[in-house]
Structure formats: C-alpha cells, structure tokens
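Residue numbers (the numbering used here), protein chains in the order written: chain Z, 1 to 880; chain G, 881 to 988.
Glycine included, each C-beta is placed from N, C-alpha and C at the ideal position.
To start, the structure under review is shown below, and the notes come after it.
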Amino acid sequence: MSDSPIPPARWRRFLDFALRDGVRSDMADELDRLYRHRRASSGRRAADRWYRREVLAFVTLVPLASLGRTLARSIKWEGGMGDLGRDIRRAVRSLVREPGFTVMAVATLTLGIGANTVIFSVVDHVVLRPLPYADADRLVSVWEGAQRAEVEMIREDTRTLDRVAGYLETEGFNLTLTDGGVRVSGALIDAHLLPVLGVETAVGRGFTPEDVSRGSDDVALISHGFWMDRFGGDPSMIGQSIVVDGRALRMVGVLPAGFAFPSVGLDVYLPMVDDPSDLQLMWGRGGYQVIGRMAPDADPEQVRVDLLRTAERSRLENPFWTPNEGYRAQSPVVRLQDKLVGDVRGTLLVLLGAVGLVLLVACANVANLLLTRGLGRGRDVAVRTALGASRRRIIREHMIESMLLALTGCVAALVIAQWGLSVLVRFMPPEIPRTGAITLDLRVVAVGVGLAVVAGTLAGFLPAFKSSRADPGLVLREGGRGGSVSSARRRITSAMVVAQMAVAVVLVVGAGLLVRSLGQLNSVDPGFQSTGLTTARLTLVGSGYDDGPSRIAFLERVIERIESVPGVASASVANRVPFGDGWEAMATFIDGVTEDPNSLPVLERYRVLPGFTETLGLRVTAGRSITSADGPDSPLVAVVDQTAADRFWPGEDPVGRRIRWPWRGAEWVEVVGVVTGIAGRDLSTAREPTLYVPMQQTPGPDATVVVRASRADMALAAPLRATIRELDPRVPISSVAAMDDLIAESLARARWTTWLLGMFAVSTLLLGCIGVYGVVSYSVKERTKEIGVRVALGAPPERIRGQVLADGLRLSLPGAAIGVALAIPAARTLEGLLYGVSATDPVTFVAVPLLLLGAGVLAVFVPARRATRVDPVEALRSEA
Amino acid sequence: MGRDALGEFEHRVLLALLRLGEDAYSAPIVVELEERTGRPVKSASVYIALRRLEEKGFVASAMRSPGAEGGRDRRHFMVTSAGRAKARQEHEMYMRLIDGLEGTVGGA
C-alpha cells in the first residue's frame, strides 16, 4: 500500500462509473487531493464520510445543473415561464371539467403510489438503513450462540476483530417494587458491548470488566424509556438500587434514548457474569451471542477462518464433553445487519416487487384512461395543431396533465400511507426486526414524490405522444365525434389491458400459492389436541424458590390447586411447552445405536412433572409415562416419542434401552415408555425426535403450567392466574395464552405476508377488470350505430351479447396466457415462503386463470347488457 | 438572471480564484473558500460554478501537468480580463451600496 491515503475504493469506482469523461478527468484527482487534506485534518472516518457525500453531490448536482440549463433554454424557446403557468391552469381547468375521469385516475395512482410508499418505508427501515451505530458495516455477528467461556476465548484469540462483545437475551427479570412485583424485559451484556457498538450511556457509566466478574456484579443499566417512566428522568436515581430477581442492584447508568439492542424496548441490562471457576456457567449454558468490530481490512470470511483456531481450542478444552471434530467449522460470521434482518429480507423484497407491479398496472390503467379520453379530445387537438401549435407544445400540455394527476395522487397517497403504515406496523408479526422506528419520514416522502413523477411520466408519455401525432386533416375530415380512432390506438389500449391482466395473473398466482401454503400449515397436525389447552409461564427463581426441591413442591401445589378448579380436566408442568418460550435440545448418546461419539443426534427435551404428556393428550404406545414415582433418588428414566422410536429403534421396542448425555461421567438413563410424536419448533419444520424426562431428576429454573379444560370452549386464563396468585402473589406470571393462540402466533408472519400479497393481487385484478371494462364499453359505445343496424335487421340479442363477451375474452385470454407464462418464473421467488405447496402448484395455476377469465367476463357484463338494449331508432338518429 | 450576471456563490469562487492567482485548480479553491468563509463547501458546487464562470467568459481554463507532485494532468483556472472587470464592477457596486452605512453594518 502506498503511504498516501486513498479514498474508499467502492466510492471511487462509483464516481468513475457515474461521471462523464470530461467531468471525471477534471475532478477525480482533485477529490483525492481534498480527501488527503481532510484525512490529515480530521481523521479517516470523517474523511470517508466527507468523500461519500462529495461523490453523491457530484453524481446528482452536476447532471441536475446541466439539465436545469437545458430546461431553462427549452422553456424560453417555448415562450417562457408565463406559458408554463398558463399550461398548468389549462390542465387544471380541463381536469376539473371531467371530475369522473379525474377522480378515477387520481384514485388509481393514489393506490399505486400509496401502497409503494408504505411498503418501501418498511423495507427501508428494516432492511436498507444501516444500523444506528458508528461504522455499522464493520460490525459482525460471530457464530450462532456460544458458551460463556468461548466469548472470552474469541476475544483472546482473534486477529481479525478489533473488539469483541457478548450478550444474552433473556426472558426478562422480576422487578420488586414496594407495591409488588412486575416483569421487565432485559438482556445480559458484557463490558465490551457498548464500546463495540460505539454507544455511550446518556447518564452515568457503562459496565466495566470489574462489573461482570462474580461478586462485584451487583450493578444494572437501565434503558432511557424505563428511566423516564419509572423515575421521571431523575439523574439522582443513578447510584440508587433496584431489586431485580430478588437481588439489590445499583443502577450505574442510563442508556441513550432509542437504544434498541439486541431488540426494541428492553428495560434493564445486567452484567453477563464471567467466573472461570464456575464450569456450569462457563460451559454448560450456551446461547451467548457474540458480536465484534472487524479490523479495517478484514471481511467476515476472514473472521470465520480466523476463529477456526478458537473453535478447535474450545473443542479440546470443553470440560464436559468433546464435541465433534470440525466443531463450528460451519458456524457463520455475518454482518450484524444481515443477522438482525435475517430471513425477513426475502419476505419484504417479495412484497416490494409485488407492490411495484401494482404501480405499473396503475400507470397502465391511467395511461388507458388518458388515451380513451384523448379520443374525445382529438378534435380539439387537431384544431390547435392546424392553427400552428407545435407538437412539442401538445406533448408538454399532456405531460403537465398527467403530472398533475400523479402529484395529486401522491399527496393523497402520502396522507393515506401515514395511516396505512400505522395499521401495517400494528399488525406486523413480532419477528420482523427494527420496527420501532418505522415512520413516514422525509426520505420515504422523497421516494413517494419520485414515484409520482415516474408514474406521471409512464402514464402520460404514450397518450401525449399519440395525440400529438394525430393528423389534423384526417381528424377534422372525419368530423362528428372526433374520430373513430385509428385501429393503431385501439391496439395500444388493448395491449395495455392485456399486460395488466397478465400482471394480475402473476400477483394472484403468488397470492394463491401463499394462501394454499397457509392452508397446508393450518392443517398440519401438531400431534396433540391444542384446543382447550391454556399455558402460563412462571418465574420462580428470585421469587423465593431458588432451589429445585422448593420449586417442585410449589409446582405440585399449583397443579393440585388448579385441578380442583371447576372445568379443569387436568394440569401439569414442564420447563416449556410446544410453541411457547424456551427451547431445549440435547446431543444424546444412544446405547447400541450411535456408534460415532463425533456425530450424536440432537433430541428435543422436555423436563416434566407427572401428567404432562397426558394433559397434552399424547397416547402411550409402549411402556409407561413419567409418574410421581420417578423421584430424585429413583433410577434415571426417560420417555421417548414415536418419532425418536422410529428413528433410533426402527421395528424394535425402545423400552428398556438406554441413553446418556455426552458429558463426562453422565449416567445411563433408561427408556421406560413411548408416546405419540409432536410437532417440532414450528409447524413448517419436520417433527424432531423428542424426550421427556422427570423434572425431579433434572431440575431447572423454568416452569410452564399447562391446563386442559373439560370443555374446549372454556376460558381458563383468568382462573389460572387467580389460582397462582392466591398460592403466592410474589410469583410473576407471564405469557398466559391459549395453545391455539400460540400456534396461530407462530404463523403470524405467513399470515401477514399472505394478506398483503392478497391485497395487492386483488387490487391489480380490480384494475385489470376496470381496464377490460373501459376498453370494451368504449368499443360498444363506438359501435352503437353498427349494433343499432344489426338489431334493426333482426340480430338476436344473444348474438350481440356474445360478440361483446368475445371482445372481452380477446383481452383476458391472452392476458391469462401471458400471465401464466410469467408467473412460473415469478413463483420461484416465493419458494422459500411456501410450505407443502410447490411453486408450480397445478391447482393454483389452473384456478387463477379461470378466476381471471371469470372476472373478465363480469367486467364486460355491463357493456354487454348495454349493447343488447341499444334502441335501433335512437342509435341511428343520434349518429345522423 | 441575465447572461453575464454573477451568482453569489460564483462571485465567491471568482474572488477565491483571484486570490490564488497562478496556483488555482479546484482543490485549493475548495480549501480556500472553506477557510475564508468557515463553512463546508461541496467541490461539486465549485465545479459547477467554475463551469458557469467559464461559459460566461469570466474564467478560462487549461489542462496542465502537475509537475513534481505527480498524478494526472489537472485543470487550472485563471480569471480573464472580463472576469477582473466584473469583479471590480461588483465590488464598486457594493461600495456604493454600503456607502454611509459603515456605522450600521460594522464598517467596510
């Protein structure tokens, strides 16, 4: 590398690419010099930022300046600004004179621009905007969950990361107040997290390495919102204590407003304790997230390779077990933004594409409206052309009209988008990240206005061009209604309607596939009777039940008391429930089955009290289920599910077989029974082999109560809450929910996407039908005389109706055919969102074109009826 | 705006150019303007202003080799006699406008 600093290469290339030769040769080197000057005076970061802005200024300002000059010249040439004002006034007058047309056109554009603005602002905030941290593109997320000890190892070993930090999202904490307890959200973070993100506390200080070591970890950070809500933003609260999970902690700092890491709206941050002497903490927990700030010349792939050394070290140093060779070889290192946005990107980009198509169809529709209207005004234009108006002039007038329509549509769209966005955000599925900040800001408004200009141009250009080409002599000679216009113009109109129908098919096919997929998901059998189940999560640690036996004693009392509530058929407890919070999966050694200790199968695990599988409604197919006899001192037992039985002991009886966790010194566990299988993590994934073990033998902090009602329609949430409160008001109860709601929630995103795409599809279909209606009814009107003659000559009404219907089909049939051809590749983009339906699902691909043809027939129903009612006498007279 | 009118920013660029004399190409002009006015200046704006000034005949430019410093040829600008006259004319106009106002606007 040379010793004189050079600007960011990507932007330098962009400049080269975007500027014309003359400007480039003048400026590129000059900018380099100025860059060096900046860099010497204010450092690299500021210089880079400055350079990016300069490049953007160049590629926008320079062409704009020359465009401005050209425009100024052409307006002068056409008679100056006064003329422009006159043209605008003329356009306004003519639009006001035809309110039906104007409202229709504006409404169509409003729909197109509004939908685009709303979706764009979501995509922009969620996917496009950089994270609100300094040099956010250098932040990476390392691996997918690490052991506590590994966080420190990564920090010691790395050569590609400047800084490394860890955090752990929690299910929240219990905050004890003078008037009882509340549940607050929060996360554990280490001393490096804020510096890695480049964030400073608003008040007080962040965590120090001292704060995260055991014994001196009685400190907490609070969020700005929490500080304002609870303490009225009083700075003297810093240094005071709060009681979190039963421990008094000193608040040492307040995070800045808007801080939303790792997710929006967390209240309390506690130190992520580091204690090398506590092997369980350091190696037995996992799930810690690691982020790092890359060194200036590193990329994520280099970081991944760099960390392979750490992975190998961790593999060998793990005190509990030795993981497989190649441990973490596949663990990803991705940019933090990509990790936070995750697979939502695909969903949102599909929606953005769909909404873009809606706008295209809207433009085509308005273009058609303008064309059809132009027919009526052909005479007017012809007269003016004959009197010497230039063709440029006519085009300009038409363009002004369509721009006015588009900009009016844009204003309406922005108003509606404001409202639509708030509705959309409210119904947005929870797993879409970064939704807190979504608003209709200046950048989105600018995009909306830009879209309006594009739409105005798209919709206006063809009609303007066409009507300026009309031969005045011809039009004036034809007289009367200003021209039964050229078949060329009718062909254009028809072609555009066909295109609209084709796009409608694409979107309706997309929506149809999603609907089918949602239907499939809804009909997936979770493996248990979900209706009638209610669940509630309890937090026992920090509520006076810190050791296993006291927790189990309390939970047994809870079960006993709830089962005595009228309407309760049975109740039990497990560390977690399907579709609920919490997740546990164990690499498991299966005696006589798993040969290679390096590739152990992973089994989902539930720690249960007696009656859990029965309350879910699982059947015992062999042996027995967990009973109260399976206590802490009796032999270790487990129940496996059918999925596990089929996978590991096909055709054999698992009862009496043994399994073992891979820790050093772990004892054998005997399989005592088999129950029917249940769904995996969500409905769209395959069933996983599952284990049930007695909670008494493997105690843990988590507890979820599950209650079955004796009648499916009974609401048990309130009695459940009341019963637990009665037993011990200190125990916080969170996420009380019906199992059916938990399942529905797991499908929230699929439903949301389906709804939106469905709405867009219906809109385009509607626009397409309006297009068909417009063209056919215009042609009926145009042929009133012809139809009148035929009626007079005795043509039966069916014949005439049939002919109009055929006119309509001539538009929708090719539309449907082209649409199907386009939909096949388009549907591929949906593949990742589909479950149980192929992207070329024959049902959808047959049903949608039929639906579209049906809609096309409906659209010509009115004009067809009108055609059969033509009164020959009237028709012939009016044309005289 | 007439063909030979001077925009405010163009006026500043012209003055900077006069001050820099022989050494004037766009990087030093940007630095000069920023130092004198204490405000950030976009080099794109300077570029556009120089082009306008050249179109109006107040400035002439030529490509010149950068000499010992190295790098590609760069475009040097110089003020034409029409440009000097214009600058003087503008200055005189300001002086006439400000005449007698020294006490109010803080002295010339």
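Under 9 Å Cβ-Cβ, which residues of chain Z neighbour GLY910 of chain G?
Per the sequence shown, residue 910 of chain G should be read as Val rather than Gly. Neighbours of VAL910 of chain G on chain Z, chain order: GLU30, LEU34 and HIS37.
**Prompt:** Can the beta-carbon of VAL736 of chain Z be found closer than 9 Å to that of THR539 of chain Z?
**Reply:** no
task = Quick one: measure Cβ to Cβ for GLY114 of chain Z and ALA417 of chain Z, integer angstroms, because I've assumed they're closer than 8 Å.
result = 5 Å
(Q) If we define contact as Cβ-Cβ less than 9 Å, is ARG52 of chain Z a contact residue for chain G? (A) no
Which residues in chain G have a C-beta closer than 8 Å to the C-beta of ASP16 of chain Z? List them in chain order.
Within 8 Å Cβ-Cβ: nothing; ASP16 of chain Z doesn't reach chain G, min ~13 Å.
Q: Give the single residue among G:PHE889, G:GLU934 and G:GLY937 whose Cα lies nearest to the Cα of ARG919 of chain G.
A: G:PHE889
- request: Indicate whether VAL911 of chain G and LEU34 of chain Z have their beta-carbon atoms separated by less than 9 Å.
  value: yes
GLY215 of chain Z burial status per 10 Å Cβ neighbour count (16 or more: buried):
exposed
- [ ] Have a look at the DSSP bridge pairing and note the partners of PHE957 of chain G.
- [x] G:SER941
Just mark PHE259 of chain Z as buried or exposed, buried being the case when its beta carbon has 16 or more other beta carbons within 10 Å. buried
Quiz item: Measuring CA to CA, which of Z:VAL151, Z:GLY181, Z:LEU852 and Z:VAL602 is closest to VAL509 of chain Z?
Solution: Z:LEU852
- Message: Quick check: is the beta carbon of ASP48 of chain Z nearer than 9 Å to any beta carbon in chain G?
- Response: no
Starting from the C-beta of LEU830 of chain Z, find all residues in its chain whose C-beta is less than 8 Å away, skip the five residues before and the five after it, and write them out in chain order.
VAL350, GLY510, LEU513, LEU514 and ALA839
**Report entry** LEU111 of chain Z versus ARG489 of chain Z: straight-line alpha-carbon distance, rounded
**Finding:** 26 Å
TODO: List the endpoints of the continuous alpha helix (DSSP H) containing ARG721 of chain Z.
DONE: 717-727
Taking 7 Å as the limit between beta carbons, can you name the residues of its chain near GLY611 of chain Z, skipping five residues before and five after? SER570 and SER572
| When we look at the beta-carbon of TRP283 of chain Z and count the other beta-carbons within 10 Å, is it buried (16 or more) or exposed? | buried
*asked:* Distance cutoff 9 Å, beta carbons only. Does ALA65 of chain Z sit that close to anything in chain G?
replied: yes
| Where does ARG976 of chain G sit, in a helix, a strand or coil, going by DSSP? | helix
| field | Where MET496 of chain Z meets chain G, residues with beta-carbon distance less than 9 Å | value | Neighbours of MET496 of chain Z on chain G: none; closest Cβ ~40 Å, over 9 Å.
So that I know if they touch, is there some Cβ in chain Z lying closer than 9 Å to that of ARG892 of chain G? no
Within its chain, find whatever has a CB closer than 8 Å to the CB of VAL196 of chain Z; leave out the 5 residues flanking it on each side and keep chain order. LEU139, ARG163, VAL164, ALA165, ILE291, GLY292 and ARG293
- For GLY483 of chain Z, does the count of other Cβ atoms within 10 angstroms reach 16, so buried, or fall short, so exposed? Legend: pLDDT at GLY483 of chain Z = 45, less than 50; position of this residue unreliable, no value from coordinates given.
Within chain Z, the residues that LYS922 of chain G reaches when beta carbons sit closer than 9 Å
ARG53, GLU54, ALA57, PHE58 and LEU61
Please report the Cβ distance between VAL361 of chain Z and GLY815 of chain Z, rounded to the nearest whole angstrom; I am assuming they are in contact, meaning their Cβ atoms lie under 8 Å. No, VAL361 of chain Z and GLY815 of chain Z are not in contact; Cβ-Cβ is about 11 Å, not under 8 Å.
### Query
Looking only at DSSP bridge pairs, what is PHE173 of chain Z linked to?
Z:VAL184
Per the contact definition of three or more C-beta pairs closer than 8 Å, is the region 233-252 of chain Z in contact with the region 541-554 of chain Z? yes
Quick one: give me the first and last residue of the alpha helix (DSSP H) that PRO300 of chain Z is part of.
300-306
**Q.** ILE830 of chain G at chain Z interface by Cβ criterion, 9 Å
**A.** Any property of residue 830 of chain G remains undetermined from this structure, which presents chain G solely from 881 to 988.
Does any residue of chain G bring its CB to less than 9 Å from the CB of ARG13 of chain Z? no
Report task. Give the single residue among Z:VAL273, Z:ARG93, Z:THR160 and Z:THR408 whose Cα lies nearest to the Cα of ALA149 of chain Z. Result -> Z:VAL273
Q. Which whole runs of the beta strand (DSSP E) in the region 205-234 of chain Z are 3 residues long or more, in chain order?
A. 219-222
Which residues does DSSP pair with PRO842 of chain Z in a beta bridge?
In the DSSP output, where bridge partners are listed per residue, PRO842 of chain Z has none listed.
* To do: Could you run through the region 732-760 of chain Z and flag, in chain order, every residue whose CB is less than 9 Å away from some CB of chain G?
  => none
Q) Of all the beta strand (DSSP E) runs that stay within the bounds of the region 726-775 of chain Z, which reach a length of 3 or more residues? A) 733-738
(Q) For a test of the three-state rule: what should DSSP assign to ARG491 of chain Z, helix, strand or coil? (A) helix
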